[in-house]
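Remarks on the structure that follows.
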Amino acid sequence: MSFNDGAKLDTSQVTGGGSRGGLAIGGGIGGLVITLVAVFLGVDPSVITGATNGSPFDTSQVATGGTESTTTFDQCKTGADANRDTTCRIIGTVNSVQDYWTEALPADVSRQYRAAKTVIYQGQTQSPCGTASNQTGPFYCPSDERIYIDASFFDELESTYGADGGALAQEYVVAHEYGHHVENILGLLEKGQDGKTGPRSGGVRIELMADCMAGVWAKNASTTEDADGNTLLKPLTQADIDSALSAASAVGDDHIQEELGGGSVNQDTWTHGSSESRQKWFTAGYDAGTVNSCDTFATDDL
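According to UniProt numbering, the sequence shown is numbered sequentially starting from 1.
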């Protein structure tokens, strides 16, 4: 999905953090194992890394996050910048997703949206939910209501997991994490804390709901505007939709197990849903265009 060249990017909605060369958590194969479980978990990679002993939503047991970076993102001013630069594309997507939910959430479910910053870091940084690194993948931390993304993750999404590398594949990741923020606002995240795994577990339903919300945003993204009323994004093409679906498929539990786990698939360990389910719920959100289509807890047809 391409940005309109003249649209203005609002860098106040993001902040920087971390530095290259930091000690990666469980580098090499260990890092892949962590990523198998944590990628797109959306809440707290420290449950995997052992940074804290609490549950993903037990904020009483998490450490204080690091200081905010003074990164200015001066290279990211317009939609043209978002079309050529991955970091700027993240910023533009954050702008679009938040503009959409600011209007849609009160209209659809009578709940006010509250803004959430994205921390764009390099290497690793600290969050109240533990250490963020490229090994844990993008995630949402409910303790500080921030999304943490290392832009280099998109290279891994393409090279390791098999997404096609298109713009909407990347934008889908951002929109998915903001889906978790919407879930938090709606008081639904705790439903994913049933301590179970498997294709119908609460955690999987939370992830599929966030996929659906990403699809809802995608359907409406070309109506979102910058602060001056300029439309941020161009209408989707079929190639854009295919790109998002490739990302959804790439991070399905069955696909990850098949590709990186020796070919064996164990549904009982699933935490995010199958490739088919992730594509299905993104499509459900896209087709309906409203958050009311995303109640994954109301059905066993996942």
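Even for Gly, the Cβ is constructed at its ideal location relative to N, Cα and C.
| Query | Result |
| --- | --- |
| Note the first and the last residue of the continuous beta strand (DSSP E) segment covering V119. | T118 to Y121 |
| By Cβ distance, which residues of its chain are closer than 8 Å to G198, with the 5 residues on each side in sequence left out? | V204, Q267, D268, T269 and W270 |
| Tell whether a beta-carbon distance below 7 Å holds between T136 and L208. | no |
| Give the DSSP bridge partners of Q126, in chain order. | T131 |
| Could you tell me which uninterrupted beta strand (DSSP E) segments, each at least 3 residues in length, are contained entirely in the stretch 136–205, listed from first to last along the chain? | 139–141 and 146–150 |
| Could you tell me the distance, in whole angstroms, from the CA atom of Q124 to the CA atom of S96? | 26 Å |
| Going by C-alpha to C-alpha distance, which of Q98, T86, P142 and D287 sits closest to T224? | Q98 |
| So is K196 buried or exposed if we call it buried at 16+ other beta carbons inside 10 Å? | exposed |
| For S127, count neighbouring C-beta atoms within 10 Å of its own C-beta (all shown protein chains included) and say buried if the count is 16 or more, exposed if not. | buried |
| If we count the other Cβ atoms within 10 Å of its Cβ and call it buried at 16 or more, is P106 buried or exposed? | exposed |
| Within 10 angstroms of the Cβ of G252, are there 16 or more other Cβ atoms? Answer buried if so, exposed if not. | buried |
| Between V291, T290, Y286 and H272, which lies nearest to L302 when the distance is taken from Cα to Cα? | H272 |
| Please report the residue range of the alpha helix (DSSP H) in which G17 lies. | Looking at the DSSP string, G17 is not in any alpha helix (DSSP H); the run it does join, the beta strand (DSSP E), is V14 to G17. |
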